[in-house]
Each structure stands twice: as C-alpha cells, then as structure tokens.
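First comes the structure, then the notes that go with it.
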Amino acid sequence: MGNDILVLAQHQDGAVKKPTLECLSVARALAAATGGKVLAAALGPGAAKAAADLGAWGAASVLVGEGPALAKYSSLRWTRVLAGAVAKQKPAALLTSTSALSRDLAGRLAARINGVLASDCTKLSAAGGRFTLERPILAGRALVTASHGGDRPLVATLRPNVFGAEKPAQAGACATETLEVTEDAADLRVVVKEVATVKSERPELSEAAIVVSGGRSWGSADGFKPVFDLADALGAAPGASRAAVDAGYVPHSMQVGQTGKTVSPVLYIACGISGAIQHLAGMRTSKYIVAINNDPNAPIFKLADYGIVGDEFEVVPALTAEIKKLKEG
Ligand SMILES: Cc1cc2nc3c(=O)[nH]c(=O)nc-3n(C[C@H](O)[C@H](O)[C@H](O)COP(=O)(O)OP(=O)(O)OC[C@H]3O[C@@H](n4cnc5c(N)ncnc54)[C@H](O)[C@@H]3O)c2cc1C
246 MGNDILVLAQ HQDGAVKKPT LECLSVARAL AAATGGKVLA AALGPGAAKA AADLGAWGAA
306 SVLVGEGPAL AKYSSLRWTR VLAGAVAKQK PAALLTSTSA LSRDLAGRLA ARINGVLASD
366 CTKLSAAGGR FTLERPILAG RALVTASHGG DRPLVATLRP NVFGAEKPAQ AGACATETLE
426 VTEDAADLRV VVKEVATVKS ERPELSEAAI VVSGGRSWGS ADGFKPVFDL ADALGAAPGA
486 SRAAVDAGYV PHSMQVGQTG KTVSPVLYIA CGISGAIQHL AGMRTSKYIV AINNDPNAPI
546 FKLADYGIVG DEFEVVPALT AEIKKLKEG
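The opening residue of the sequence shown carries number 246 in our numbering; numbering runs sequentially from there.
Pasting the structure below:
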C-alpha cells in the first residue's frame, strides 16, 4: 500500500458533482499528510470530459473508464474495474461522496480489496500514518470517532456539504490514463435496467446549500405549494418528511431522513415538521436549522438554531414575500 489518495469521481455525463470536489479538497489535505499524490478515477459516459475538472481540482492523474462496458452503472462491473485500479495504484485511501451510488458500491469494493469501510464520514484527517474519522451512528444520535492505520486501504464515503470544496490556486499537470474494460459475463448477475433521472431546474436535494422542507401538516399536494414557493424564492431544494411523502403530497425523491436522503445544507428550514428521530437522521448536520411549527413543544425546536412558533400557512408565505422584496431590492 502506498501513500496516494484515490478519489472516485461522481459525475453526470462529465459534469463533476460538487460533493466530488469536496472529496478532492479532503484528498489534497490527506495527501499532504501522507506524502502521497491525489489520484482520481472517473467511470461511465463523460468520464474523459470530467478528467479536466478533476485535474483543475488537484488530481495529479485521472484513470478514465468509458465505452460500452461502462455505459450503464453496474455494481459488479464497477467493483471489478475499481478493484483493478486499486491493485495497480495501491492508494492508502479511496474517497467518494455518500450517495445512492456509493451506498451500493463502497461496501462491496471495500470487501473486494480487503479494505476498511467508513461510510458517511463527517470528519477525516491523517497524521502519523493513521487516518482519523468521525461518522454518525444510531440515526445520528451518536458520533463515532475511529482511527485506522496499517496496510489495508481505507474506503471512505464523505457526507456532502460537510467538508467544503476549495479549488487549488494553481493545479499541477494532470495525466490521464485509459482503463481498458473488458466485458465479463459474471458481471451480469446483477443488471441495472434503467437509471431514472429526475430533471429539475431546482438544485439537487442532497447537494443543495439551502433546503426548505415541509411535513404532513400541509394537508395535500396543492397545500404544499408554499413550501415550493419559499424554496424557489431562496434558490433552495424542496424537501419533505416521510409523512408528507407517504400521504402522496410529494414524490419519494424529496424525502429527507433515515429512509430518504441525507442532506447537510448551510440552511435547513423545516416547515411543519415535528422532528422525529428518523427525520433528524437525515438533516441534523445542517449548519443552521430553522423550524416553523405551531407547537412550541415540537421536538424539532430542540435541534433548531432559530424557531418560529406560528401557523405555517401565515408564516411561510410572509417569509417568501419578504425574501422576494429583499431580492428585488
Ligand atoms: C423505520 C422508519 C423510518 C422512517 N424514516 C423516515 C424518514 O426518512 N424521514 C422522515 O421524515 N420520517 C421518517 N419516519 C417517520 C417519522 O417517525 C415521523 O412519523 C415523520 O417524520 C413525521 O412527519 P411530520 O413531522 O411531517 O408529521 P407529524 O409528526 O404529523 O408532525 C406534523 C407537525 O406539524 C406541526 N403543525 C401542524 N399544523 C401546523 C401549522 N398549521 N403550522 C405549523 N405547524 C403545524 C405539528 O405541530 C407537528 O409538529 C420513519 C419512521 C420509521 C418507523
């Protein structure tokens, strides 16, 4: 095992996702401590296009895997390809962001390369030949601090929006290397038939800097409109509690929480959400939490930095109107 830090880039047709830029920023700090280089791997359609950005964000070398064999995501094939890359590059750690993809891939990859998995880290540093990390457990009720050293690579997924992304003032030269990917029938034991991409003008929920979420209290799909209005006024991603999703007001792709998405925005506004532990599990690492609820004893107020006790049907539209006024100027 060497000293390098390998980042698995997550991108959409070559557009590198912001959480990957955070991973590269963390990788640079780790590599400075381990005395290694930052490497990146990009797989799937657009990987070659992604390589330029990865270099600009500090990767000294990018492994690019494209072509028909990687045209669609496949956990088995991606694991095989990445395990091959790890065997060749021998990084001390492989980083990628916490996402649906990494939830599927990271555990399998860690097992395949005899690595050590740390998922959804909220802190990660290196010193004296060891990595030290922090990650939430028990639906966010406790934080574990763990340390790892030795000769097995660390596979860490990093929670988006927690670490921050800082572009290097000057990036060095970046080499690209093409990964030769062969078809292997054994990869087809599991086949991804379709990746349904939700097209939206709004920011992606798990990457957004501001999230405005609504709960069951909005009463119906139409009733939920003020939540979208406030989100749009702020340029935020709209989210929801599971109760709102189960009631059919909004799609599951908007659910925040233990069985939904994990978000960690700078600002999280919870409108008529009680603050059940399963909801908090998905948003408690938000930097600033604002709760709007007509029950002063709602559990969400225990976590909130700012609370408004009032009727959401009055407070939320009033807030939207004020924000629009401020923006107009
Ligand atoms: C295994 C499991 C997994 C789960 N996963 C998730 C998950 O991923 N995400 C999630 O969110 N939940 C999850 N849940 C459900 C969770 O336990 C709660 O039931 C859910 O979060 C409640 O949603 P809510 O706050 O919208 O609804 P409620 O609990 O009904 O709360 C509504 C809130 O709105 C307030 N309110 C009502 N009217 C107004 C008004 N006019 N103005 C202002 N405030 C008002 C009320 O005071 C109340 O606090 C899970 C549960 C289980 C068992």
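Built from N, CA and C at the ideal position, the CB exists for glycine as well.
Small disclaimer: the values here were computed from a predicted structure and weren't measured.
When His256, Val309, Gln255 and Pro336 are compared against Gly280, the one with the closest alpha-carbon: Pro336
Under 8 Å between C-beta atoms of Asn538 and Gly517: Cβ distance < 8 Å, so Asn538 and Gly517 count as in contact.
Touch test, the stretch 496-505 against the stretch 519-532, Cβ-Cβ under 8 Å, three pairs minimum: They touch, by the three-pair rule.
Asp349: first and last residue of the uninterrupted alpha helix (DSSP H) it sits in: Judged by DSSP secondary structure, Asp349 falls within the alpha helix (DSSP H) whose first and last residues are Ala345 to Arg357.
Check: Ala286 C-beta below 7 Å from any heavy atom of ligand 1: no
Segment limits, alpha helix (DSSP H) that includes Glu428: No alpha helix (DSSP H) holds Glu428; DSSP gives it neither H nor E.
Buried versus exposed, by CB contacts within 10 Å (16 or more), Arg325: Using a 10 angstroms sphere on the CB of Arg325, the tally of other CB atoms reaches 16 or more, which defines it as buried.
Collapsed DSSP secondary structure at Thr279 in the structure displayed: helix
Validate contact between the stretch 346-353 and the stretch 264-271 using beta carbons, cut 8 Å, 3 pairs: no
Inter-stretch contact (C-beta, 8 Å, three-pair minimum) for the stretch 246-264 and the stretch 288-303: yes
Given 8 Å, three or more beta-carbon pairs between the stretch 416-425 and the stretch 469-479: no
Runs of alpha helix (DSSP H) lying entirely within the stretch 253-314, each at least 4 residues, in chain order: 263-279 and 292-301
Quiz: which residues have CB nearer than 5 Å to ligand 1 non-hydrogen atoms: In chain order, the hits are Gly460, Arg461, Ser462, Ser486, Arg487, Ala488, Gly502, Gln503, Thr504, Gly505, Gly517, Ile518, Ser519, Ala521, Gln523, His524, Asn538, Asn539, Asp540, Ala543, Asp556 and Glu557.
Neighbour-count burial assignment, Glu567, 16 or more Cβ in a 10 Å radius: exposed
Contact under 8 Å by Cβ, Phe376 with Leu354: no
Same chain, Cβ closer than 8 Å to Ser392, five either side skipped, listed in chain order: Arg375, Phe376, Thr377 and Leu378
Cβ neighbour criterion (16 or more within 10 Å) applied to Lys282: buried
Opening and closing residue of the beta strand (DSSP E) in which Leu362 lies: Val361 to Cys366
Distance CB(Glu267)-CB(Gly385) smaller than 8 Å: no
Residues that DSSP places opposite Gln500 in a beta bridge: Ala485
Of the listed residues Tyr494, Arg404, Met246 and Gly259, nearest to Ser342 (C-alpha basis): Arg404
Ser462 - DSSP class collapsed to helix/strand/coil: helix
Identity of the residue in Ala285, Ala441 and Ser370 nearest Ser306 by Cα: Ala285
Straight-line gap, Ala287 to Thr265 (C-alpha atoms, nearest Å): 11 Å
Proximal residues to Leu512 (C-beta, below 6 Å), its chain only, five neighbours per side dropped: Ile455 and Tyr533
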